[in-house]
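Residue numbers (this note's numbering), protein chains in the order written: chain A, 1 to 374; chain B, 1001 to 1601.
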């Protein structure tokens, strides 16, 4: 595509966005990130994924995003790099331990974790303060991490369902180990309350366990066994509410999505066939997440260069095709013919603003967008 | 050690102005001379007492270089040259020279006429200052004097902005001023060759920012304009005659065309003429696309944008108007503002910074009631939007620039060193160069390693090349003996003999003598022979000879043996060597002091 054509396509898209987005910010990082993690109300962490050496950056969101009444008078639209640190390898997973200035990372190559001090106002360096050993070192398989929402700095981690453990971040001490499970690779770990968590496996199994007991976890297999073994599964549980109102969404790589009640995993409350066309060469970055401030909405990304928003309240019990409520295609808008297809590597919802998301892609772009409900 | 000193003038942490002093190779250069827009008193001027407590600066500065026409880079220039006093050359690009005086005059008018200030430069001072300006062309080396040369590079950012390369002898510095690395609608991106300066000086804010794309800012602008038009409101965009206005016009034209919009867009006539005039002059400073457009047709023959007539301001219905001046401090834009301010459906979009004292500055600070002439109050009900379109580089951009220029050291100004450890580490790690961060008023001293060109006499070269059997290895340094003569600013290396001849001196020889006592129950000649055998085995690679006249010779060292009169077994070894063989001589005397090893035949 010629330079002028490229510019024209971009212009077209931007003009379209006048009606479809309330706010749109587009940034280009030096290196692509696989992680976007909130570290405070206005700060996020991103990190590089180069094999030899990467950076972890803590970025302060643009002022204009937060300015309410005087928004028009605030011209500041840029990210500020407030802190940075260097890692010895890629960062595939980064979790902030709530209530602290501590973050835990995993490099996606082993199951060991690195512990970081995100620093404070008077210093701009993010320092490695220690590590936590994973229980099994399997090459090529990284750990998932979840921070326990309690006063103790503890994280749940593991690469396989059989080696999930809860460790104290400062001492590295293992406080809990997930009881007997089959050994399935994990796609996510998530706390739904202070002690109850979900370990979602890529074969569709979800284990529900409680860190206070050593009893065997509850196993919830996928609701419909898939004919094809190579189908992968991801899951997310809605948070912030009592566990009794918690819902779980499961998504397969063939686009089959089901919503069920956490306490009754045997039945699907609703389901839908999502319109997913895989364009990415690998599905390591698939993410499905419930909106924290927009009822019944989920975001799906990682199959191609777009982030899709679905409203699950329109889904019924029969398996029908569902159309996304909204699609953010900005990352892959104008591709030149010899360009590698762009894939979304991560997305997060803003914790309070109902329609604001941040998304990152394999070309190093990071977008902050607030879409309009048509 | 040769060094370059860099001092950003200013106090504490203030970042509002640029004025940097560089001392290189005995020359003193001032880079930019900005005004701090946040202060009303003398703090807005750079503190020149750093250079000299009282008096004119002419003798202390070899030149002043201004990077571009923004007031935080040139606002204090007339004060410096006419009120403090400087008569030397002031360098800037042609567009900067053309635009600076206009901005300075505007600024002066606002400050003096509107705010009634007295300690400020006059119109005449601006004119006198500009008389000292020597314009620069891009990529053209200019000799400031015999030793100092400067060259300007394209910086993007605004019309006429330049990055400057300064060279004295084999030391050099590049100052970036403000620049950007991504081209936009009317300006290209900064570019510099692999000039490998000793220091690259830039702003630390670039390195700690990740910039929102230009298109997003433009989108915001279009959205605001569109929303206002849709509800039947009017949009006023106060602009300075050059630069931003053209860019925004191109943007609106494209948008109007695409969306098939009918609302009229107007452009003050005064703007059109001036803009055309300047663009014709400085067409090489814009980007490729603009140049093509300009060549094809007149810059301002837009389909949807027409010339404004003051009566149009009263027309009903939506419209967009570009009017001067840019800070709403007088003239047409202020008139229109007064008419439209009372209606909340309307909007004013300020595309740039407004100086204190102007209406623009007041409304950007949230003031909703303004005092206008005749003590009347103006209720500001229209929407006020502040949008910055300035193209600046960011963290990614600064790394790109470092890769382009390959400096030996990096220097960032206007940052808090304490809070920039990560950035410093990043630059040091990625490029293996030092990163300096002097605070305002603090001097950073950078040691350079300049190469010193020296001529070598042919004879000496031939002689040195003849020594040593094997072929010379170009990669392996070799030490040689010669004399460096510095005469009339040139340096040459000659052989010692030639130097002595030139200086008319006699050569003196220096010989050392040392006596070592040794117990050895042999005859003198046998002892000598034993010494010879010993030395021969130890000193491999040296020419050790046992001469028939009763001496052992190693290089130039002569060894003789005699016995003491009291005891035939107590030998006295006499060593004598010339100054050139000092090392070997000392080594041998120490060796022989240890005695001869047993088992020698």
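We put the CB at the ideal spot given by N, CA and C, even for glycine. Since this is a predicted model, take the numbers as computed values, not measurements.
Per DSSP, the unbroken alpha helix (DSSP H) holding residue 1340 of chain B starts and ends at 1331 to 1340. Look at the region 1225 to 1244 of chain B: the residues with a C-beta under 8 Å from a C-beta of chain A are 1226.
When the Cα atoms are used, residue 1365 of chain B and residue 1351 of chain B turn out to be separated by approximately 14 Å. Between residue 80 of chain A and residue 59 of chain A, the beta carbon gap of about 7 Å places them in contact (Cβ cut-off 8 Å). Within the region 74 to 116 of chain A, no run of alpha helix (DSSP H) at least 4 residues long lies entirely inside it. For residue 284 of chain A, the closest alpha carbon among the candidates A/343, A/57, A/292 and A/260 is that of A/343. Proximity of residue 1266 of chain B to chain A, defined by a Cβ-Cβ separation below 9 Å, is not satisfied.
The distance from the Cβ of residue 180 of chain A to that of residue 216 of chain A is about 6 Å, consistent with a contact at the 8 Å cut-off. Using a Cβ-Cβ cut-off of 9 Å, residue 1209 of chain B counts as an interface residue toward chain A, since at least one Cβ of chain A sits closer than that to its own. Boundaries around residue 1445 of chain B are those of the beta strand (DSSP E), 1444 to 1447, since no alpha helix (DSSP H) includes it.
Counting only Cβ-Cβ distances below 9 Å, residue 125 of chain A has contacts in chain B at 1421, 1422 and 1425, in chain order. In this chain, the beta strand (DSSP E) harbouring residue 176 of chain A covers 174 to 177. At a cut-off of 9 Å between C-beta atoms, residue 1072 of chain B does not count as an interface residue with respect to chain A. Between residue 1328 of chain B and chain A, the shortest Cβ-Cβ separation is not below 9 Å.
Under the 8 Å Cβ criterion, the region 1387 to 1394 of chain B counts as touching the region 1177 to 1192 of chain B, having at least three qualifying pairs. For residue 1005 of chain B, the enclosing beta strand (DSSP E) begins and ends at 1003 to 1008.
When secondary structure is reduced to three states using DSSP, residue 1253 of chain B falls in the helix class. Here the C-alpha atom of residue 1371 of chain B lies approximately 18 Å from the C-alpha atom of residue 1348 of chain B. With its beta carbon less than 9 Å from one in chain A, residue 1217 of chain B belongs to the interface. Distance from residue 132 of chain A to residue 167 of chain A at the Cβ level is roughly 5 Å; contact confirmed, criterion being Cβ atoms closer than 8 Å.
Take the alpha-carbon of residue 1386 of chain B and the one of residue 1360 of chain B: they are about 10 Å apart.
Within a 10 Å sphere around the beta-carbon of residue 1489 of chain B sit fewer than 16 other beta-carbons, which makes this residue exposed. Residues of chain B whose Cβ lies closer than 9 Å to the Cβ of residue 51 of chain A do not exist, since the nearest Cβ in that chain is about 16 Å away.
In the structure shown, residue 1581 of chain B adopts helical secondary structure according to DSSP, grouped into three states.
Residue contact check for residue 1488 of chain B against chain A: no CB pair falls below 9 Å. Neighbourhood of residue 1255 of chain B in chain A, by CB distance below 7 Å: 15, in chain order. From the listed residues A/53, A/51 and A/41, the smallest Cα separation to residue 63 of chain A is found for A/41.
Distance between residue 1538 of chain B and residue 1520 of chain B, taken at the CA atoms: about 19 Å.
Residue 85 of chain A has a beta carbon lying within less than 9 Å of a beta carbon in chain B. The residue among B/1531, B/1223, B/1041 and B/1087 with its C-alpha nearest the C-alpha of residue 1060 of chain B is B/1087. For residue 79 of chain A, the closest Cβ of chain B is nearer than 9 Å. If you check each beta-carbon in the region 1363 to 1383 of chain B against every beta-carbon of chain A, the ones closer than 8 Å belong to 1364, 1365, 1366 and 1383. Looking at the DSSP output, residue 1393 of chain B bridges to nothing. Only those residues of the region 19 to 48 of chain A whose C-beta falls short of 7 Å from the nearest C-beta of chain B are listed: 24, 25, 26, 27, 28, 29 and 30. Between residue 304 of chain A and residue 333 of chain A, the gap from beta carbon to beta carbon reaches 9 Å or more. Against chain A, the CB of residue 1222 of chain B has a partner CB under 9 Å away; the residue lies at that interface.
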